[in-house]
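Right, one structure below, let's go through it.
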Amino acid sequence: MMTRMILTVLLGLIGIAAAGCASHAPPAQDDIRHQVARQYGLEAFDQVEALRFTFNAQVGAKQVRRAWVWNPTTGQVTFWADSQAAGRTFNHPLPTDTTDPALRELDAKFVNDRYWLLFPLHLAWDRSAVVEERGRAPRPLGAGQARLIEVRYPPTGGYTPGDVYELFIGRDGRIAEWVYHRGGDAQPTRLSTWEDHRRIGPLLVARDHRGPEGFRVWFSDLALKRVDGEAWLYPEE
Numbered sequence: 001m002m003t004r005m006i007l008t009v010l011l012g013l014i015g016i017a018a019a020g021c022a023s024h025a026p027p028a029q030d031d032i033r034h035q036v037a038r039q040y041g042l043e044a045f046d047q048v049e050a051l052r053f054t055f056n057a058q059v060g061a062k063q064v065r066r067a068w069v070w071n072p073t074t075g076q077v078t079f080w081a082d083s084q085a086a087g088r089t090f091n092h093p094l095p096t097d098t099t100d101p102a103l104r105e106l107d108a109k110f111v112n113d114r115y116w117l118l119f120p121l122h123l124a125w126d127r128s129a130v131v132e133e134r135g136r137a138p139r140p141l142g143a144g145q146a147r148l149i150e151v152r153y154p155p156t157g158g159y160t161p162g163d164v165y166e167l168f169i170g171r172d173g174r175i176a177e178w179v180y181h182r183g184g185d186a187q188p189t190r191l192s193t194w195e196d197h198r199r200i201g202p203l204l205v206a207r208d209h210r211g212p213e214g215f216r217v218w219f220s221d222l223a224l225k226r227v228d229g230e231a232w233l234y235p236e237e
């Protein structure tokens, strides 16, 4: 069970339907959550018609790989990385009366993988989360100190309610490292870096995350299609 939990790397965070994340229009605010989210393309997200990405995770010798195409406007998601669900298409968020356990598990994996890719935008989108500055603190993995921001999710709802994140923000305004506390546990569940930031269309994404004990999450086959364009765009080199 522990191995499965680690490999799935579920970040569930909150009930997506309840949070109203189908609408990505950000409120006009200038607090810390929006400052960070704007660094990653918050105000231009309505230009995104489709986002394609492959989520890769490794813990020691164990690996997972999941490929997705997501249309944020319609909510359509296509998954084709798993031999048992190759090419399956569904709408996210799922209807509240969905009882198909396989579909609910697939949706949970999509939520997890998308949060790894777009977590900075969720700082603004997830309005039920409490986001507070905690001053400067020693970085858990790197040298020196960084600006610390704490993100707390509600104690009920979603796949893993009560999650807490500690974000360490570099001088460039980007996330340099984070610490994840599943369900608000006092002991960290996962520490990782935020590396290899690249522009892809109007967005900025971190393609690589590394942590202790051989843990790594990275993204491949990243591509984005604008609402006013036909061609796929790829990360800038």
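Numbering (our numbering), first residue to last: 1 to 237.
Cβ atoms here follow ideal geometry from the backbone N, Cα and C, with glycine treated the same way.
Computed from a predicted structure; not experimentally measured.
On the DSSP bridge assignment, give the partners of residue i in chain order.
| i | result |
| --- | --- |
| K62 | V59 |
| D208 | E195 and W218 |
| A67 | T54 |
| H181 | V164 |
| R226 | V48 |
| A146 | A137 |
| L94 | L94 pairs with nothing; no bridge assigned. |
| T89 | T78 |
| L203 | I200 |
Please report the residue range of the beta strand (DSSP E) in which residue i lies.
| i | result |
| --- | --- |
| L123 | Careful: L123 lies outside any beta strand (DSSP E), inside the alpha helix (DSSP H) at P101 to W125. |
| Q76 | Q76 to F79 |
How many Å lie between residue i and residue j at the Cα?
| i | j | result |
| --- | --- | --- |
| R147 | R52 | 31 Å |
| T160 | G201 | 31 Å |
| F262 | F110 | No information on residue 262 is available, as it lies outside the stretch 1 to 237 that the chain covers here. |
| G229 | A50 | 11 Å |
| C21 | G214 | Any reading at C21 needs caution, since the residue's pLDDT is 43, under 50, leaving its predicted position unreliable; the model's value is listed next. C21 and G214: Cα-Cα distance of roughly 33 Å. |
| A17 | L204 | The pLDDT assigned to A17 is 26, lower than 50, so where the model puts this residue is not dependable, and the model offers no usable value. |
| R114 | D107 | 10 Å |
| D208 | R199 | 14 Å |
| T156 | R182 | 13 Å |
| K62 | A231 | 35 Å |
| T74 | I32 | 29 Å |
Between the Cα of residue i and those of the options, spot the shortest distance and give me the residue it belongs to.
| i | options | result |
| --- | --- | --- |
| G87 | T78, W125 and P93 | T78 |
| P240 | L106, V130, D196 and V36 | With the chain running from 1 to 237 in the structure shown, residue 240 is simply not present. |
| V116 | K225, Y40, D31 and H34 | Before going on, a small fix: residue 116 reads as Trp here, not Val. Answer by Cα proximity: Y40. |
| N56 | Q47, R210 and R152 | R210 |
| A186 | T54, R152 and E105 | R152 |
| F45 | T54, L121, D31 and D97 | L121 |
| G162 | G142, S192 and A129 | A129 |
On the DSSP letters alone, give me the boundaries of the alpha helix (DSSP H) that residue i sits inside.
| i | result |
| --- | --- |
| A37 | I32 to Q39 |
For chain D, find out if any of its Cβ atoms is closer than 7 Å to the Cβ of residue i; answer yes or no.
| i | result |
| --- | --- |
| L224 | The structure shown contains no chain D; it is built from a single protein chain. |
The segment 165-172 in contact with the segment 130-148 per 3-pair CB rule at 8 Å: Yes, they touch.
Inter-stretch contact at 8 Å, needing at least 3 Cβ pairs: the segment 141-155 / the segment 64-71: Too few Cβ pairs lie closer than 8 Å, so no.
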